[in-house]
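In what follows, a single structure is set out as structure tokens and then discussed.
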Amino acid sequence: MRRGVYLQMMEHPPRYDLATGRGLVACPRCDALHLEEDLSPGETARCIRCGNVLAKPRAGAFAQLIALSFTSMVLLIGAIFFPFLEVSTFGFGNASSLFDVALAFSSGVLLPLVLAVLAMIIGLPILRSFLLLYTLVPLAQERPPYRYAATAFRWAEMLRPWSMAEIFVIGTAVALVKVAGLASVHLGPAFWAFCALIFVNLASRAFMCQTSIWDAIEDAGLATDDRAPTGPPAEAIPAPAPGPRS
Amino acid sequence: MSALPEDRAAPVLTAHRAGLIGCSSCGRVWPVTESHCHRCGAQLVPPDRRGLQAVWAWLIAGMIAYIPANLFPMMRTQTFAGLAGNSEATIVGGIIELMHYGSYDIAIIVFVASLVVPIGKFIAIAWLAIVAGRPATVEQAHTRLKVYEVVEFIGRWSMIDVFVVAILSALVQLGFVASIHPGPAAVCFALSVAFTMLSAQSFDARLIWRGLPLRSRST
Numbered sequence: 029m030r031r032g033v034y035l036q037m038m039e040h041p042p043r044y045d046l047a048t049g050r051g052l053v054a055c056p057r058c059d060a061l062h063l064e065e066d067l068s069p070g071e072t073a074r075c076i077r078c079g080n081v082l083a084k085p086r087a088g089a090f091a092q093l094i095a096l097s098f099t100s101m102v103l104l105i106g107a108i109f110f111p112f113l114e115v116s117t118f119g120f121g122n123a124s125s126l127f128d129v130a131l132a133f134s135s136g137v138l139l140p141l142v143l144a145v146l147a148m149i150i151g152l153p154i155l156r157s158f159l160l161l162y163t164l165v166p167l168a169q170e171r172p173p174y175r176y177a178a179t180a181f182r183w184a185e186m187l188r189p190w191s192m193a194e195i196f197v198i199g200t201a202v203a204l205v206k207v208a209g210l211a212s213v214h215l216g217p218a219f220w221a222f223c224a225l226i227f228v229n230l231a232s233r234a235f236m237c238q239t240s241i242w243d244a245i246e247d248a249g250l251a252t253d254d255r256a257p258t259g260p261p262a263e264a265i266p267a268p269a270p271g272p273r274s
Numbered sequence: 056m057s058a059l060p061e062d063r064a065a066p067v068l069t070a071h072r073a074g075l076i077g078c079s080s081c082g083r084v085w086p087v088t089e090s091h092c093h094r095c096g097a098q099l100v101p102p103d104r105r106g107l108q109a110v111w112a113w114l115i116a117g118m119i120a121y122i123p124a125n126l127f128p129m130m131r132t133q134t135f136a137g138l139a140g141n142s143e144a145t146i147v148g149g150i151i152e153l154m155h156y157g158s159y160d161i162a163i164i165v166f167v168a169s170l171v172v173p174i175g176k177f178i179a180i181a182w183l184a185i186v187a188g189r190p191a192t193v194e195q196a197h198t199r200l201k202v203y204e205v206v207e208f209i210g211r212w213s214m215i216d217v218f219v220v221a222i223l224s225a226l227v228q229l230g231f232v233a234s235i236h237p238g239p240a241a242v243c244f245a246l247s248v249a250f251t252m253l254s255a256q257s258f259d260a261r262l263i264w265r266g267l268p269l270r271s272r273s274t
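Chains as they are written, first to last, in this note's numbering: chain A, 29 to 274; chain B, 56 to 274.
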């Protein structure tokens with residue numbers, strides 16, 4: 029495949045420019061330069077040096093991502109209000125939804141901790157789903173993206189490590205074992221919503237190709253690149269010597 | 056996407072060597088004079104050992120927060136309004152208690168998530184920050200990248216213990232019979248995990264890949 033690209037390079041004037049970086053892609057992991065080219069769905073581009081996946085476009089990925097983001101939003105909103113766990117012992121019962129938990133701590137000194145926990149398990153996942161929908165819905169309909177779509181998508185990616193719904197499920201499992209000797213516990217619908225969320229997140233991660241989304245945002249006409257992508261090839265500018273090759 | 060044709064036999068041409076700067080958020084390449092990526096809006100940061108200051112700062116903050124997280128109790132259990140005794144459990148105490156109950160599997164999860172992983176992460180990030188930018192062979196660089204990816208992936212999972220405390224204290228509010236309250240260590244532990252995650256995120260993986268001296272332009 030690489031040879032094909034090379035031949036293509038010979039037939040046409042270079043589509044890249046070492047002075048401005050046009051038509052080039054740098055691996056975010058190791059900075060190796062690559063030529064930018066459009067992949068067909070199903071192909072995967074890996075960095076030649078570190079093996080990092082640079083692009084993995086899939087047919088219909090935007091529609092799938094929209095569906096998954098919407099699913100995750102519905103599950104999360106359900107998870108706020110439905111009971112999460114129900115515990116009872118000696119006739120004392122306590123059914124708690126996450127909303128109740130937040131209310132119970134609304135005056136304590138540990139309010140910051142509770143707010144941080146709720147943000148990580150509910151707030152950020154909902155925010156991420158919303159940002160993805162904001163970015164992807166116009167792209168899937170082949171309309172120009174909304175304002176700040178690039179910023180929205182960048183934030184959605186930045187917040188990814190901080191949304192911890194799947195870790196919360198494991199934490200719940202540990203808590204269940206700890207409390208099992210003390211009282212009997214019933215799992216509520218919100219718990220199963222979180223379990224479903226794990227699979228939704230896994231699927232969403234598998235379909236996600238950041239490069240395709242960035243390219244789609246760019247191609248759909250958001251003013252992000254002042255270097256005209258269809259402009260004349262910059263063969264007039266001599267490429268600088270690529271430095272020492274030690 | 057393929058390597059630059061004229062550079063196939065030679066060592067890999069990086070954006071930095073070509074006098075360009077690559078966006079670490081979306082991969083677009085820009086002249087070094089640009090300060091922000093015009094496509095995604097992220098700040099363009101040159102792969103430079105100066106960026107390691109942030110790594111060290113967050114890492115030390117994480118280590119400092121980890122000390123009280125182990126000394127103070129994670130949670131306070133009150134049974135029969137204190138008549139049957141109050142118990143306070145630190146992280147290590149909680150693990151010993153779990154083993155006492157015979158639930159070794161859960162004890163191992165908690166042990167790994169709240170002792171092995173944080174301490175291993177401190178060591179791994181410190182090692183990466185020390186060796187980053189130093190000359191390395193390709194194999195060493197691959198090892199370092201693997202270590203970095205493991206640290207980045209596993210960092211969030213230390214939050215399990217915080218979630219356990221949060222769930223237990225929300226759930227076990229049975230008035231007279233039993234109640235569980237979070238202790239100060241829960242906050243310290245959460246902060247420690249968050250600081251270490253920030254430390255790992257501020258590490259620039261591109262530094263692994265080159266013996267980049269401080270004055271890189273002089274080469």
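Where a beta carbon is used, it is the ideal one built from N, C-alpha and C, also for glycine.
Source: prediction; values computed, not measured.
* Asked: Just how far apart, CA to CA, sit residue 132 of chain B and residue 155 of chain A?
  -> Counting from one through the second sequence, the residue named residue 132 of chain B turns up at place 77. Counting from one through the first sequence, the residue named residue 155 of chain A turns up at place 127. One alpha carbon belongs to residue 132 of chain B, the other to residue 155 of chain A, and they sit about 35 Å apart.
* For chain B, is any of its Cβ atoms less than 9 Å away from the one on residue 124 of chain A? -> In the first sequence, the residue the question calls residue 124 of chain A occupies position 96. Under the Cβ criterion of 9 Å, residue 124 of chain A is counted among the residues facing chain B.
* To do: Determine whether the Cβ of residue 247 of chain A lies closer than 9 Å to any Cβ atom of chain B.
  => As a first step, residue 247 of chain A must be located in the first sequence, where it is residue number 219. Chain B, which has no Cβ nearer than 9 Å to the Cβ of residue 247 of chain A, makes this no.
* To do: Grab the span of the alpha helix (DSSP H) containing residue 105 of chain A for me, first residue to last.
  => Here residue 105 of chain A corresponds to residue number 77 of the first sequence, with the count starting at 1. For residue 105 of chain A, the enclosing alpha helix (DSSP H) begins and ends at 89-109.
* To do: Quick one: list the residues of chain B neighbouring residue 220 of chain A, beta-carbon separation under 7 Å, in chain order.
  => Against the first sequence, residue 220 of chain A aligns to sequence position 192. Those do not exist, as residue 220 of chain A stays about 15 Å from chain B at its closest Cβ, beyond 7 Å.
* Asked: Which residues in the same chain as residue 235 of chain A place their Cβ atom closer than 8 Å to its Cβ, once the five residues preceding and following it in sequence are excluded?
  -> The count along the first sequence starts at 1 and reaches residue 235 of chain A at position 207. Sequence-distant partners of residue 235 of chain A (beyond 5 residues in either direction) whose C-beta falls short of 8 Å from its own C-beta, in its chain, are 86, 89, 92, 93 and 96.
* Is DSSP giving residue 108 of chain B helix, strand or coil here? -> Numbered from its first residue, the second sequence carries residue 108 of chain B at position 53. In the structure shown, residue 108 of chain B falls within a helical segment according to DSSP collapsed to helix, strand and coil.
* Asked: DSSP puts residue 133 of chain B in a beta bridge; with which residues?
  -> Position 78 of the second sequence, counted from the first residue, corresponds to residue 133 of chain B. Residue 133 of chain B is bridged by DSSP to B:141 and B:234.
* Indicate whether at least one CB of chain A lies closer than 9 Å to the CB of residue 256 of chain B. => Counted from its first residue, the second sequence places residue 256 of chain B at position 201. Residue contact with chain A for residue 256 of chain B: present (Cβ-Cβ distance below 9 Å to some residue of chain A).
* To do: Output yes or no for whether 9 Å exceeds the beta carbon distance between residue 196 of chain B and residue 217 of chain B.
  => Looking up residue 196 of chain B in the second sequence gives position 141. Looking up residue 217 of chain B in the second sequence gives position 162. Not in contact: residue 196 of chain B and residue 217 of chain B (Cβ atoms no closer than 9 Å).
* To do: Label residue 148 of chain B either buried or exposed according to how many other C-beta atoms from any shown protein chain fall within 10 Å of its C-beta, with 16 as the threshold for buried.
  => On the second sequence, residue 148 of chain B is found 93 positions in, with the first residue counted as 1. So residue 148 of chain B ends up on the exposed side.
* residue 164 of chain B: contacting residues in chain A (beta-carbon distance under 7 Å) -> Against the second sequence, residue 164 of chain B aligns to sequence position 109. Residues of chain A passing the Cβ test: 202.
* Asked: Any residues in the region 142-159 of chain B with a beta carbon nearer than 9 Å to a beta carbon of chain A? Which ones, in chain order?
  -> Cβ contacts with chain A come from 149, 152, 153, 156 and 158.
* Apply the 10 Å Cβ neighbour rule to residue 260 of chain B and answer buried if 16 or more other Cβ atoms are within range, or exposed otherwise. => Position 205 of the second sequence, counted from the first residue, corresponds to residue 260 of chain B. That one is buried.
* Asked: Is any beta-carbon of chain A found at less than 9 Å from that of residue 71 of chain B?
  -> Position 16 of the second sequence, counted from the first residue, corresponds to residue 71 of chain B. Answer yes: the Cβ-Cβ gap between residue 71 of chain B and chain A drops below 9 Å somewhere.
* To do: In angstroms with no decimal places, state the Cα-to-Cα distance between residue 178 of chain A and residue 246 of chain A.
  => Working through the first sequence from its first residue, we reach residue 178 of chain A at position 150. Working through the first sequence from its first residue, we reach residue 246 of chain A at position 218. Straight-line Cα distance between these residues: approximately 9 Å.
* Asked: Since residue 237 of chain A meets chain B, which of its residues come closer than 7 Å, beta carbon to beta carbon?
  -> Residue mapping note: residue 237 of chain A aligns to position 209 of the first sequence, counting from 1. Within chain B, no residue comes near residue 237 of chain A; the closest Cβ sits about 12 Å away, beyond 7 Å.
* To do: Look up residue 75 of chain B in the DSSP assignment and give the residues it is bridged to.
  => As a first step, residue 75 of chain B is located in the second sequence; it is residue number 20 there, counting from the start. In the DSSP output, where bridge partners are listed per residue, residue 75 of chain B has B:86.
* Quick one: which chain B residues come within Cβ less than 9 Å of residue 179 of chain A? -> Position 151 of the first sequence, counting from 1, holds the residue named residue 179 of chain A. Result: 95 and 96.
* Asked: What residues in its chain sit with their C-beta under 8 Å from that of residue 87 of chain B, if we drop five residues either side in the sequence?
  -> Counted from its first residue, the second sequence places residue 87 of chain B at position 32. Here the set comprises 74, 75, 76 and 101.
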